[in-house]
Structure formats: C-alpha cells, structure tokens
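Have a look at the structure below before the remarks.
Residue numbers (this note's numbering), protein chains in the order written: chain A, 1 to 228; chain B, 1001 to 1222.
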C-alpha cells in the first residue's frame, strides 16, 4: 500500500519532469536553430565571396565545426573556456554550442545551393549591370533558398537530436529527464519509449511541417516546382 | 602555471591514445554493421509488398529522427528490466551500427533508384533470377557512386562515438575528461582530443576519396 502510493507519487512527479524536459528541448532547439540558420547563412555567403582571404576564413570555420565532434565542442565551451576567464552558463553553451556546430553544416548547404543556381542567372545579372550585392540579394539567394530548404529540414532534425547531448552539460532536457525519471521509478521501457516518441513527434509534427510550409511559401511564383 | 603546458600534454597522451583505440574499434565495427544492415534495410524497402516496404520506411524514419544517445539508453537499460543484460560494448556498438544503418539505407536507396530502368528490363530479357540481377547487375552499378556519401556517414559515426561514454565506455573523449578531472585541468586533454578527432577525420576523408577514385576507375564511371 505504502509502496504503491510512493510509486504513483514518483510516477506523477516524473511525468511532470518529462514534460518540463520536452519544453527545455523545444526551447534549446529553437534557440540553436536560430543561431545555426543566421551563422550558416552568413558563413555560407562568405564562403562564396569573391575575396579569397574571406573565403579561406569561411572554409576554416566550416572545417573546424564539421571536423570535430559536437560533444568535444560542447566540452570545450563548457570546461575549457572558463580557463580563459570566459564562464558561460550551461544554457548559453547549449544554444551557442549546438547552434555553431550545426552552422558549419548549414554553411555548406548554403554554398551548395548558391552554386547550383543556374549559370545563366549570373550572366543575366551581369548583362543587366547589377552590382554583385544586388545580384545576390535579388536574384541568386531567393532562388537558392528554395533549393536549400529540404536539406535544412534534415539538418534541423539533426540539430534536434544533437540537443540530447546537452545531457552531458547539466541541463535537464528531454533525454536527461527521461533518464532521471527511469532511474527514479525503475521503469526504463516506459520513460525511454515516451522520450523516443517525444523526439519523433517534435521532428515529424513540428519541424517537417514547418519546413514544408516554408518550401511552399518560397516556391510561390515558381510554377514548375509548385506542380512537382 | 601557464595556460598551455606541453609536459602535461605528453602526460595525457597515453590515456588519449588508449581511448583512441576504443574509438577507432567502435567506429570500424559499428560501420561494418551499418554497411551490411543498411543494405538489408534498403533491399527490404524495395520490396514489392506495400506493407513491408512502408513499414521499413517508417522504421528508418523513426531511427533517423530520434537521438542516438536515447537509443543507446533504451537498449542498454530496458533489457535488464526484463532480465536480459546486454554488455555496454555490445549495446553501444550495436545501436551505433543500427542508427547509421538507417542513414546508409537511404544512400543505398538513392544509388539503387539511380540505376537505369533499362538495366532491370535487360535482366528480365536475359532471364536472370532476382538474386542474380541484384548481385551481378544492379548493385555493382548502384554502390560505387554512393561511396562518397557513405564515407560521410563513416566520418559522422566516428564523431558520434563520444556518446558511448554515457554507458561507461572509456573512449577517447571520456579519457580526456577523466584525465582533466584528475588534476582539474581540462584544457590540454580536451584540446588534444579535439585535435585527434580532427586529424582522424581528415585521414578518413582522404581514404574515402581514394576508395571512391579506385571504384570509379574499376567500374569505368568517369
């Protein structure tokens, strides 16, 4: 009787903690996505700059963030930077660390999409005497965005999964919450299954529809793609 | 004490290399599982039966959109609840392999779907059995072009191995962190671990490029 009550108590408590963890995961995913998209776009655009030194900087940035493990980077932000006198809160590390890691991959997507815009569009812009900035802003990037959206959707799902790594830096997000709840109640199957479905739900019910909506929005006026 | 101490770096090195062996082992075994299982997934997905191929597609989607860490927890901790104890090493590498098998199967699918439809018709015309058509005609054309993207997943998997630390496998990053924690001096150990990851992934990408070039020559792709 007493044990049953305690179990129920722990269960209720753990379910509440799980919901809180899911909210934290959503929050960090949103924040890190913004960081990743802004930096990814910026670095991707620098990557196709006409100035070679700027391009090299972008390449170094991309190779650094793609070449090392996300967890190594998080540890570096969390354990090494304080030695240089820069102590970041776990929240900052989570959002900036995950976001910057993904921005390296995002920058490559931006580069690929920009370079896959038809050669003729560049030539037409030159023929119309557009300055390079106008050409990028009005002609190239709007077309590149349509091409880069589907891979960005995949990348944002990767980012969502990446947020589970902040398990290692003391923030109770969905994975941590499910681990704590499972440890507290001993019901590993229930809590891990719920957490797995939680991630699946965020990916399939929020990220994928959002990207689909953006794809439709940015495809307005492009009849060929709208039909296909 | 200075910010960067080389002597301390050399002290950390044996631990890091010990971890590196574990990391490399996990990567190779895990990727071997991913390559084989990924092909199996991809072939099941090509099944004529809608229910079988649809279920496989859904399973692949599920594996791809949930975190590796949670999947490892699931396999490692849920088993003992029902009296099945899976050693950490087996669970970790098994899940690593299955997780990346889902990604590899998408690569295989892209390769298989890019093989010209006429090749299938020719197989039918030559009265080749299904198994023989796959083995002799379709896969040799489907796989070489996707080697670079498979290679990306190889490197991706290598960088995911630190997650194994969560179930107490002493891979490279965990060794670095432990060594740092002993003296409360993380900078050298974690930076060197990062440098080793960078070095290994650069070496791996060169090897992948070489394999890809060799395959392209062998199958006259370019």
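Glycine included, each C-beta is placed from N, C-alpha and C at the ideal position.
Burial is judged here by how many other beta carbons sit within 10 angstroms of a residue's own beta carbon; residue 158 (chain A) has at least 16 and is buried. In this structure, the beta-carbon distance from residue 18 (chain A) to residue 181 (chain A) falls below 8 Å. Assignment of residue 1116 (chain B) by DSSP, reduced to helix, strand and coil, places it in the coil class. The residue among A:172, A:176, A:193 and A:146 with its C-alpha nearest the C-alpha of residue 221 (chain A) is A:146.
Remark: C-beta atoms of residue 32 (chain A) and residue 176 (chain A) do not approach each other more closely than 8 Å. With a cut-off of 8 Å on Cβ pairs, the stretch 1047-1054 of chain B is not in contact with the stretch 163-172 of chain A, counting fewer than three such pairs. Sequence-distant partners of residue 61 (chain A) (beyond 5 residues in either direction) whose C-beta falls short of 6 Å from its own C-beta, in its chain, are 43.
Between residue 1070 (chain B) and residue 127 (chain A), the C-beta spacing is not below 8 Å.
Under the three-state reduction of DSSP output, residue 183 (chain A) falls in the helix class.
Straight through space, the alpha carbons of residue 90 (chain A) and residue 156 (chain A) are spaced by roughly 21 Å.
Beta-carbon to beta-carbon, residue 1159 (chain B) and residue 69 (chain A) are separated by about 4 Å, close enough to satisfy the 8 Å threshold. Residue 93 (chain A) does not reach chain B, its nearest Cβ partner there being about 14 Å away, counting only Cβ pairs nearer than 7 Å. Separation of residue 72 (chain A) and residue 12 (chain A) (C-alpha to C-alpha, rounded to the nearest whole angstrom) is 35 Å. The Cβ of residue 1081 (chain B) sits closer than 8 Å to at least one Cβ of chain A. Residues of chain A with a Cβ closer than 7 Å to the Cβ of residue 1043 (chain B) do not exist, since the nearest Cβ in that chain sits about 23 Å away.
Across the stretch 63-75 of chain A, CB contacts with chain B closer than 9 Å involve 63, 64, 66, 67, 68, 69, 70, 71, 72, 73 and 75, in sequence order along the chain. Between residue 1030 (chain B) and residue 1170 (chain B), the C-beta spacing is not below 8 Å.
Not a single CB atom of chain A sits nearer than 8 Å to the CB of residue 1169 (chain B). Around the beta carbon of residue 1114 (chain B), fewer than 16 other beta carbons sit within 10 angstroms, so the residue counts as exposed. Interface annotation, residue 1054 (chain B): not in contact with chain A, CB-CB separation never under 8 Å. Residue 1067 (chain B) sits in coil when the DSSP states are folded into three classes, being neither helix nor strand. Boundaries cannot be given for residue 172 (chain A), as no alpha helix (DSSP H) includes it and DSSP labels it neither H nor E. Contact annotation: residue 1179 (chain B) and residue 1015 (chain B) have beta-carbon atoms nearer than 8 Å.
Within the stretch 1046-1074 of chain B, those residues whose Cβ lies closer than 9 Å to any Cβ of chain A are, in chain order, 1061, 1062, 1064, 1065, 1066, 1067, 1068, 1069, 1070, 1071, 1073 and 1074.
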